[in-house]
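Working notes, beginning with the structure itself.
Residue numbers (my numbering), protein chains in the order written: chain A, 192 to 358; chain B, 68 to 217.
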């Protein structure tokens with residue numbers, strides 16, 4: 192997987208977490224995974240279709256989600272499954288939305304779908320084209336994982352235009 | 068917590084807002100900001116279709132509209148609301164903030180755009196501008212949208 196596809200997600204996650212939680216964040220670990228992905232807590236999956244296709248999973252422990260929800264709300268939030276799900280989905284929305292904004296500005300065109308909570312115990316299998324990069328980010332609320340698996344489907348617009356001009 | 072002077076309508080009544088987002092969590096955050104600005108929530112919706120029905124019911128002064136939602140996305144909902152109510156004041160609130168999206172929303176009739184995560188002070192200034200209360204605001208929606216990217 193190309194770094195140019197990954198970097199916007201790292202930048203966006205860093206910016207969104209730092210802004211939302213009003214504190215600096217730190218990347219603890221960054222690994223490639225070809226095996227089935229097994230969630231670490233509650234995971235939101237967002238599918239991406241277009242010039243690049245794949246999916247991004249944002250994954251965090253329920254207690255981390257409650258801590259994030261409280262930080263976002265500005266006051267303690269009572270723990271509940273709904274709050275946890277809502278928090279994970281909204282965080283995923285913000286990170287992926289900001290990431291695709293950066294990728295779009297780089298010439299990629301695609302559509303982002305609303306997040307789905309991923310609860311399968313079986314995990315999601317990868318393949319050669321969709322090997323995943325897993326990023327562990329340390330925040331004041333705890334560790335948040337981003338699992339990114341994407342591949343090129345089409346050349347981006349500026350490359351298509353260049354080729355067309357040469358033809 | 069930051070204090071804001073209340074944003075009021077010309078008749079000195081609180082501004083009434085319709086909050087549209089498929090995330091309950093995001094709606095709660097926006098409602099908290101609306102309360103900070105002295106506003107009133109006229110209605111809520113979790114998708115574009117419900118937003119149209121809620122706008123017809125409430126005729127809210129301001130609509131805060133997400134873009135990516137199930138059933139009907141925000142930009143289509145903007146188009147349908149503005150087609151029926153040309154004076155509707157709609158501010159897009161989305162994490163997806165690339166120029167094509169912003170321009171599409173503005174072309175369909177949205178007045179402005181703010182990117183998530185929403186900073187209260189940014190939303191406040193945009194609302195002042197959209198409500199026509201800030202003669203010193205930048206000259207247009209796109210100018211402000213571009214500033215938010217820097």
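Glycine included, each C-beta is placed from N, C-alpha and C at the ideal position.
Distances from the CA of residue 294/A to each of 164/B, 120/B, 114/B, 86/B were compared; the closest alpha carbon is that of 164/B. Interface flag for residue 280/A against chain B is set, since a Cβ pair is found closer than 7 Å. Close to residue 263/A, with beta-carbon spacing below 7 Å, are these residues of chain B in chain order: 96. With distances taken between CA atoms, residue 207/A lies nearest to 249/A out of 343/A, 249/A, 323/A, 322/A. Following the DSSP letters along the chain, one finds residue 165/B in no alpha helix (DSSP H), marked with neither H nor E. Residue 222/A has its alpha-carbon roughly 27 Å from the corresponding atom of residue 184/B. Here residue 110/B is not near residue 149/B, since their CB atoms are 7 Å or more apart. Beta bridge pairing from DSSP links residue 239/A with 245/A, 303/A. If you look at residue 287/A, you'll find it in the alpha helix (DSSP H) that goes 272-296.
Neighbours of residue 303/A in chain B, taken as residues whose beta carbon is under 8 Å from its own, are 135, 163 in chain order.
Proximity to residue 80/B across 107/B, 172/B, 142/B peaks at 107/B, based on C-alpha coordinates. The beta carbons of residue 341/A and residue 243/A sit closer together than 7 Å. Not one beta carbon of chain A lies nearer than 7 Å to the beta carbon of residue 178/B. Residue burial is scored here from C-beta neighbours: residue 95/B has at least 16 other C-beta atoms within 10 angstroms and is therefore classed as buried. Residues of chain A with a Cβ closer than 8 Å to the Cβ of residue 72/B do not exist; the shortest Cβ-Cβ separation is about 20 Å. If you look at residue 109/B, you'll find it in the beta strand (DSSP E) that goes 107-112. Using beta-carbon distances, residue 325/A does not count as an interface residue toward chain B, since no partner is under 7 Å. Look at residue 79/B here: in three-state DSSP terms it is coil, with no helix or strand label. Rounded to the nearest angstrom, the gap between the Cα atoms of residue 69/B and residue 190/B is 13 Å.
Excluding sequence positions up to five before and after residue 284/A, its CB lies within less than 7 Å of the CB of 306, all in the same chain and listed in chain order. Shown here for residue 156/B: same chain residues with a beta carbon closer than 6 Å to its own, the five before and five after excluded, namely 129, 178, 197 in chain order. Residues are counted here when their Cβ sits less than 8 Å from a Cβ of chain A; for the region 74-104 of chain B these are 89, 90, 91, 92, 93, 95, 96, 99, given in chain order. Nearest neighbour of residue 133/B by Cα position, chosen from 151/B, 82/B, 152/B, 181/B, turns out to be 181/B. The beta-bridge partner set that DSSP reports for residue 180/B consists of 159/B. Among the residues of chain A, those whose CB is under 9 Å from the CB of residue 167/B are 295, 300, following chain order. Note on residue 225/A: under 16 other CB atoms within 10 angstroms of its CB, so exposed under the neighbour-count rule. The DSSP-derived three-state label of residue 174/B is helix.
Any Cβ of chain B closer than 7 Å to the Cβ of residue 284/A would place that residue at the interface, and such an atom is present. At the C-beta level, residue 241/A and residue 300/A come within 7 Å of one another. Boundaries of the alpha helix (DSSP H) around residue 149/B: 141-151.
If you draw a 10 Å sphere on the C-beta of residue 105/B, you find fewer than 16 other C-beta atoms in it, and that means exposed. Per DSSP, residue 227/A lies in no alpha helix (DSSP H) and is assigned neither H nor E.
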